[in-house]
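Shown next, in structure tokens, is the structure this report addresses.
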Amino acid sequence: MKEVILTDAQLEVLEYIYHKLQLEYERVAEALDFTCTGCPDNCCDSYFQHHTYAEWAHLWLGIRRLEPEVQLSLIARAKSYLEQCEQALAAGQRPQVMCPLNDEGRCVVYQHRLLVCRTHGVPATLTRPDGRTFQFPGCFRCQEIVENLDKNELPVPVERTLLLQRLALLENELLDNKRHLLPKVKMTIAEMLVHGPPVIPRTDPSK
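Going by my numbering, the first residue of the sequence shown is number 10, and it counts up by one from there.
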């Protein structure tokens, strides 16, 4: 097995994607006068799953910059998170457990947070390769703002399609154009922590 590691060039592309999505988020949030300040909810306890080796590898770049004892503490939290999620799922409920990376309301690897963490909240659209388009209304607080506005006052939602296409191309390059041969990623952040950095089978088993 070999670890999946982003090259400097690939890291630059991923950070560009994050940056552009962040700018789009800020555009829509500003137009709606939307902020998270004072919100009674916390998106960090939402049950999100993530789908790329690239983001998994990028997350671990941030984890490895932490002190070893902090890393161990986060992994212990992640294991507890998974146990609580398993109990909720077994009861037929959607888990609502605080992310193990949240420490007193702040993400301990903020610069390495994943795409969903950067874009959740405001309205967005996404068109799949099969042509099917999805509309994301945003969080409950954002939806309340939208309901009180006229249609002509609404900003154009964040368009995720082109940037996620760019992410898919990056993912394929990162995996030596063998993405279709590898296990699909469908993991919570906690699972990414417990599993450790992403690894895949070596192309040449002798190496």
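Cβ atoms here follow ideal geometry from the backbone N, Cα and C, with glycine treated the same way. Please read these numbers as outputs of a predicted model, since none were measured by experiment.
- The DSSP assignment places 62 to 72 and 77 to 99 as complete runs of the alpha helix (DSSP H) inside the region 47 to 107, in order along the chain (cut-off: 4 residues).
- DSSP assignment within the region 107 to 146 yields the following whole alpha helix (DSSP H) runs of 4 residues or more, N-terminal first: 124 to 128.
- In the DSSP assignment, phenylalanine 149 falls within the alpha helix (DSSP H) that extends over 149 to 156.
- Beta-bridge partners assigned by DSSP to methionine 196: His59.
- DSSP lists Ile209 as the bridge partner or partners of lysine 11.
- Secondary-structure assignment with DSSP links glutamate 35 through no beta bridge to anything.
- Rounded to the nearest angstrom, the gap between the Cα atoms of alanine 99 and arginine 115 is 29 Å.
- In this structure the region 177 to 185 does not lie against the region 83 to 97, because fewer than three pairs of beta carbons, one per stretch, are closer than 8 Å.
- Between glutamate 162 and threonine 134 a beta carbon distance of about 18 Å is seen, past the 8 Å cut, so the two are scored as non-contacting.
- Each residue's CA atom was taken as its position, placing glutamine 58 and cysteine 108 some 12 Å apart.
- Ranked by Cα distance from glutamate 35, the first of Arg127, Pro206 and Ile14 is Arg127.
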